[in-house]
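Here is the structure we will look at.
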Amino acid sequence: MPRSAAYLRAFGCYLPARVVDNAELAPQVGVEPGWILKATGIQERRYAAPEETVAGLGARAAADCLAAAGLSARDVGMLIAASGSGERRFPGPAAGIGTALGIGGVPAIDLPVASAGSLFGMALAARMSPAFGNVLVVASEIMSRVVQCDPGGRDAAILFGDGAGACLVSPEDGFAQIADSILCSDGEFGDALKLDLDGPVSMEGRTIILQASRKVPRTISQLLGRNQVQAAEVDTFLMHQANLNLITRVAQSLAVPENRFFCNVARYGNTSAASMLIAAAEWRRDRGRRMDGPVVFAAFGAGLHWGALLCTPV
Amino acid sequence: MENQARIVELIQTVSGTTINPSPDQSLFESGLLDSFTLPDLVTALEQEFQIRIPDSDLSTRKFDSVARIQAYIQSRS
Chain A
1 MPRSAAYLRA
11 FGCYLPARVV
21 DNAELAPQVG
31 VEPGWILKAT
41 GIQERRYAAP
51 EETVAGLGAR
61 AAADCLAAAG
71 LSARDVGMLI
81 AASGSGERRF
91 PGPAAGIGTA
101 LGIGGVPAID
111 LPVASAGSLF
121 GMALAARMSP
131 AFGNVLVVAS
141 EIMSRVVQCD
151 PGGRDAAILF
161 GDGAGACLVS
171 PEDGFAQIAD
181 SILCSDGEFG
191 DALKLDLDGP
201 VSMEGRTIIL
211 QASRKVPRTI
221 SQLLGRNQVQ
231 AAEVDTFLMH
241 QANLNLITRV
251 AQSLAVPENR
261 FFCNVARYGN
271 TSAASMLIAA
281 AEWRRDRGRR
291 MDGPVVFAAF
301 GAGLHWGALL
311 CTPV
Chain B
1001 MENQARIVEL
1011 IQTVSGTTIN
1021 PSPDQSLFES
1031 GLLDSFTLPD
1041 LVTALEQEFQ
1051 IRIPDSDLST
1061 RKFDSVARIQ
1071 AYIQSRS
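As you go down the protein sequences, you meet chains A and B in turn. Take the first sequence: its letter number 194 is residue 194 in the working numbering, and every next letter is one higher. Residues are numbered in the working numbering as their position in the second sequence, beginning at 1, plus a constant of 1000.
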């Protein structure tokens, strides 16, 4: 079936001001700061201020993205907001983000998909943009309010942080074309990582890592294979920033140098759905030049949901 | 018994230790395995015993002790 083209136009992000380093967090969860760094590669994370909201963080990332694109909110035809940590069962943050941007009336869809949410949002945006024009994908999380900061909640508390990222997908113009994507879901391990209505986040970390270690490289390989792209040709891999050790493992599985994986997990921790777009925004700012080859996005998280998306330079 | 020795050897290889765990000892609670050596062990088990471990079996509970791993290998053989 022929597909209309969709392009990456810009990224944006917003990180709350408060920095929580391992020295501050470690005594609360009953470990040494060095243990957190070794287990996760995370040095510090950001926590939202009490008055900040998921929609508020998302709106700031969206504004940053629109500024990077040189567009105004009036140029957006659809908004997709990914978050697993919204303050309410409904409505989700999507409509609030649209209103904060001054585009009430524009369709705004919530994706409560947690860590893989921004990847799913980008893939959906690529399909929607030929019909709706510019699609703004926003991912925003305040995970610090849904983790248990004591020894019983250690495994989740050491990982998660707050932040928001955004991506503008255009049907007409951009620096890279969204060439293909693979999205997968399987509820068999739904209880391995979950946030029940009364919280906090519950995680069987070993099972999640075991699943991700196999599913992520396999999905990337499948995506590259069907597009006749070698892993060595990829300019940059932009993965969900879950844990440095997992990113290292995926690089090893693909036989790709680790420095091809853009990584900022040390500074922001795991910001769930937001992490991949925050990484993309920093990557784009750091390396504001023409891409030397394809870029691969990949994410894995609660659901289980996972996938990969291939972008080629234009 | 032979399988048990082979499993212990694989655990020692991926964990980089010479510790010999008892059959029912938790490999995670004892610190022999962690989130990142477990995937290595699964791969090593597949190669050593020439089996394919499907994603649906990739649960920590199946690999928490030598006895559990041995039972799982037997069920797949």
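For glycine and all other residues, C-beta sits at the position ideal for the given N, C-alpha and C. Quick caveat: nothing in here was measured; it's all calculated off a predicted structure.
Boundaries around L119(A) are those of the alpha helix (DSSP H), 117–132, since no beta strand (DSSP E) includes it. In terms of beta-carbon proximity, T1017(B) stays away from the interface with chain A, with every pair separated by 9 Å or more.
The beta carbon of W283(A) is closer than 7 Å to those of T236, L238, F262 in its chain, skipping five residues each way along the sequence.
One thing to note: V229(A) has its Cβ no nearer than 9 Å to the Cβ of I247(A). Straight-line spacing of the CA atoms in V106(A) and V234(A) works out to 36 Å. DSSP places V137(A) within a strand segment (E or B) once states are collapsed to three. The beta carbon of A59(A) sits closer than 7 Å to those of I97, A100, L101, all from its chain and outside the five residues before and after it, given in chain order.
Among the residues facing chain B, S185(A) is not included, as its CB has no counterpart in that chain under 9 Å away. DSSP, reduced to helix, strand and coil, places S221(A) within a helical segment of the structure shown.
For M276(A), the uninterrupted alpha helix (DSSP H) segment begins and ends at 275–286. Taking C-alpha positions only, P91(A) is separated from S140(A) by approximately 15 Å.
Its chain contains P1021, P1023, D1024, Q1025, S1026, L1027 as the residues whose beta carbon lies nearer than 8 Å to that of S1065(B), once the 5 sequence neighbours on both sides are disregarded; these appear in chain order. Put simply, the backbone Cα of Q43(A) is about 6 Å away from that of N22(A).
Proximity of N245(A) to chain B, defined by a Cβ-Cβ separation below 9 Å, is satisfied.
DSSP, read as helix, strand or coil, puts M143(A) in helix. Under the Cβ criterion of 9 Å, P1039(B) is counted among the residues facing chain A. In the structure shown, S1026(B) falls within a coil segment according to DSSP collapsed to helix, strand and coil. Separation of A281(A) and G269(A) (C-alpha to C-alpha, rounded to the nearest whole angstrom) is 16 Å. Taking 7 Å as the Cβ-Cβ cut-off, the region 200–213 of chain A approaches chain B at E204, G205, R206, T207, I209, L210, Q211, S213, given in chain order.
Closest in C-alpha terms to N245(A), from the list L159(A), A232(A), R88(A), Q28(A), comes L159(A). Looking at the backbone, the Cα of L223(A) and that of P27(A) are separated by about 43 Å.
For N270(A), the secondary structure class from DSSP, reduced to helix, strand or coil, is strand. Counting along the chain, no alpha helix (DSSP H) covers A10(A); the unbroken beta strand (DSSP E) around it starts and ends at 7–14. Distance from the CA atom of L124(A) to the CA atom of R214(A), rounded to whole angstroms, is 24 Å. Only those residues of the region 28–44 of chain A whose C-beta falls short of 7 Å from the nearest C-beta of chain B would be listed, and there are none. Runs of alpha helix (DSSP H) with 4 or more residues, each lying fully within the region 238–268 of chain A, are found at 244–253, 265–268, listed in chain order. Here H240(A) really is in contact with S275(A); their C-beta atoms are around 5 Å apart, less than 8 Å.
If you draw a straight line from the Cα of L37(A) to the Cα of G117(A), it is about 26 Å long.
In the three-state DSSP reduction, C149(A) falls in the coil class, being neither helix nor strand. The residues G303, L304, in chain order, have a CB closer than 8 Å to that of G187(A) in the same chain once the five nearest residues on each side in sequence are set aside. In this structure, DSSP gives R214(A) a helical state, which the three-state scheme calls helix.
DSSP lists L310(A) as the beta-bridge partner residues of D180(A).
Separation of the CB atoms of A114(A) and G301(A) is rounded to 5 Å, and the pair is thereby assigned contact status at 8 Å.
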